[in-house]
Amino acid sequence: MSDIINIAKGVCPNCQEGKMFKERGGLLKFKFPQMYENCPSCNHKFEKEPGFFYGAMYISYAVSVAEGIATYVISSFFFTQKLDYRIMIIIAIVLLSMTVINYRISRVIWAYIFKPKKRLSN
Ligand SMILES: [Zn+2]
7 MSDIINIAKG VCPNCQEGKM FKERGGLLKF KFPQMYENCP SCNHKFEKEP GFFYGAMYIS
67 YAVSVAEGIA TYVISSFFFT QKLDYRIMII IAIVLLSMTV INYRISRVIW AYIFKPKKRL
127 SN
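Everything in the sequence shown is counted per our numbering, starting at 7 for the first residue and increasing by one.
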């Protein structure tokens, strides 16, 4: 449960203190969020190997599909036809406006999937 809160905060999967992103970025700034290479708090390396975050694309796809379905369900209440082209336009606008958030959240989720295992103390 605490992992879900930490993913939403975007903090380090190792120490749960240091932030993973230098700046938030934003769609209106035409800028994607910038990541730290290492955790500012515990020096944990976020990109374990070159191209590690390519895998975050799968998370991003799943998140986008979930958002698209949620948008369809919510907006279908406001239209009489089941497949109104205006719903598709609304879904496209919502997905475009969520791009930066999806980018950020999918990288954090990916880092948490491969987070270092806690060692048991004797
Ligand atoms: Zn850390």
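Glycine included, each C-beta is placed from N, C-alpha and C at the ideal position.
This one's a predicted model, so the numbers in the text were calculated from it and none came from an experiment.
C-alpha distance - residue i paired with residue j, whole-angstrom precision
| i | j | result |
| --- | --- | --- |
| I111 | G32 | 13 Å |
| K124 | V17 | 16 Å |
| G57 | E43 | 13 Å |
| Y91 | I107 | 25 Å |
| A68 | G74 | 10 Å |
| I93 | I65 | 24 Å |
| E23 | C48 | 8 Å |
Coil, strand or helix - residue i by DSSP
| i | result |
| --- | --- |
| F59 | helix |
| K28 | strand |
| K15 | helix |
| M94 | helix |
| N44 | strand |
| E23 | coil |
| T105 | helix |
| T77 | helix |
Exposure of residue i, with buried meaning 16 or more beta-carbon neighbours within 10 Å
| i | result |
| --- | --- |
| M26 | buried |
| V71 | exposed |
| V114 | buried |
| A76 | exposed |
| F83 | exposed |
Contacts around residue i, its chain only, beta-carbon distance under 6 Å, and the 5 residues preceding and following it disregarded
| i | result |
| --- | --- |
| K121 | P19 |
| P39 | F27, R30, G31 and R110 |
Opposing strand residues paired with residue i [DSSP bridges]
| i | result |
| --- | --- |
| K37 | G32 |
| K51 | N44 |
8 Å CB neighbourhood of residue i in its chain, flanking five on each side removed
| i | result |
| --- | --- |
| F85 | R92 and I93 |
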